[in-house]
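Enquirer: Mapping the sequence shown onto our numbering, position 37 (from 1) lands on 79, and the numbers just tick up by one. Heads up, the beta-carbon is just placed ideally off N, CA and C, and yes, glycines get one too. In this text the structure is predicted, and so the values were computed from the model without any measurement.
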Amino acid sequence: MSMNSGGLIELLEIEVVRDEPGLMIMGMPVTEKVLQPYGYLHGGANVVLAETAASRGAAGLIAEDEITFGMEVNANHIKTKQSGRLTATARCRHQGRSSQIWEIEIMDEEESLVCLSRCTMAVKKKR
Numbered sequence: 043m044s045m046n047s048g049g050l051i052e053l054l055e056i057e058v059v060r061d062e063p064g065l066m067i068m069g070m071p072v073t074e075k076v077l078q079p080y081g082y083l084h085g086g087a088n089v090v091l092a093e094t095a096a097s098r099g100a101a102g103l104i105a106e107d108e109i110t111f112g113m114e115v116n117a118n119h120i121k122t123k124q125s126g127r128l129t130a131t132a133r134c135r136h137q138g139r140s141s142q143i144w145e146i147e148i149m150d151e152e153e154s155l156v157c158l159s160r161c162t163m164a165v166k167k168k169r
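Pasting the structure below:
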């Protein structure tokens, strides 16, 4: 899966930091692009970062004739930010034939927990 596909990932400047089977670490700067009207980090930006990390990680665990996509995402927003950098660490907690479950911790540059998320990924054969 190409990260250079444009769209939301490019707009939010999300990038891969580390990529291993069952582990995906991605980063995103906290810029005006991801702030809500009051000037704080928009919770949706956390969800985009979390699901992107889970999706990228899940894609690394499937066969060439399969695809994966998000079925469910949950996020608990613990702390907010106005600037800085976020790092999402996604770990595969379940890898089945038709689904994967990923847990994602989003931390700030001070190693403080910003968001806890869980994503359920569907695995399907390509058509």
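Quick check: the Cα distance between Thr-162 and Gly-48, rounded to an integer number of angstroms?
Expert: Mapped onto the sequence shown, residue 162 falls at position 120. Mapped onto the sequence shown, residue 48 falls at position 6. Their backbone Cα atoms lie some 24 angstroms apart in a straight line.
Enquirer: Under a Cβ-count criterion, where at least 16 other Cβ atoms within 10 Å of its own Cβ denotes burial, should Val-76 be classed as buried or exposed?
Expert: Position 34 of the sequence shown holds residue 76. Val-76 should be labelled buried.
Enquirer: Reducing DSSP to helix, strand and coil, say where Glu-93 ends up.
Expert: Here the question's residue 93 lines up with position 51 in the sequence shown. Helix.
Enquirer: Rounded to the nearest angstrom, what separates Thr-131 and Met-66 at their Cα positions?
Expert: Against the sequence shown, residue 131 aligns to sequence position 89. Against the sequence shown, residue 66 aligns to sequence position 24. When rounded, the distance between both Cα atoms is 6 angstroms.
Enquirer: Take Gly-85 and list the residues in its own chain whose beta-carbon comes closer than 6 angstroms to its own, dropping the five residues that flank it on each side.
Expert: Here residue 85 is taken as the residue at index 43 of the sequence shown, counted from 1. Once the five neighbours on either side are set aside, the close Cβ partners of Gly-85 are His-119.
Enquirer: Pick helix, strand or coil for Gly-64, following the three-state DSSP scheme.
Expert: For the purposes of this step, residue 64 is taken as the residue at position 22 of the sequence shown. Three-state result, Gly-64: coil.
Enquirer: Could you compute how far the alpha carbon of Arg-139 sits from the alpha carbon of Gly-81?
Expert: Mapped onto the sequence shown, residue 139 falls at position 97. Mapped onto the sequence shown, residue 81 falls at position 39. Roughly 42 angstroms separates the two Cα atoms.
Enquirer: For the candidate residues Arg-169, Glu-152 and Ile-143, whose alpha-carbon lies nearest to that of Glu-93?
Expert: In the sequence shown, residue 93 corresponds to position 51, counting from 1. Out of Arg-169, Glu-152 and Ile-143, Ile-143 has the C-alpha closest to the C-alpha of Glu-93.
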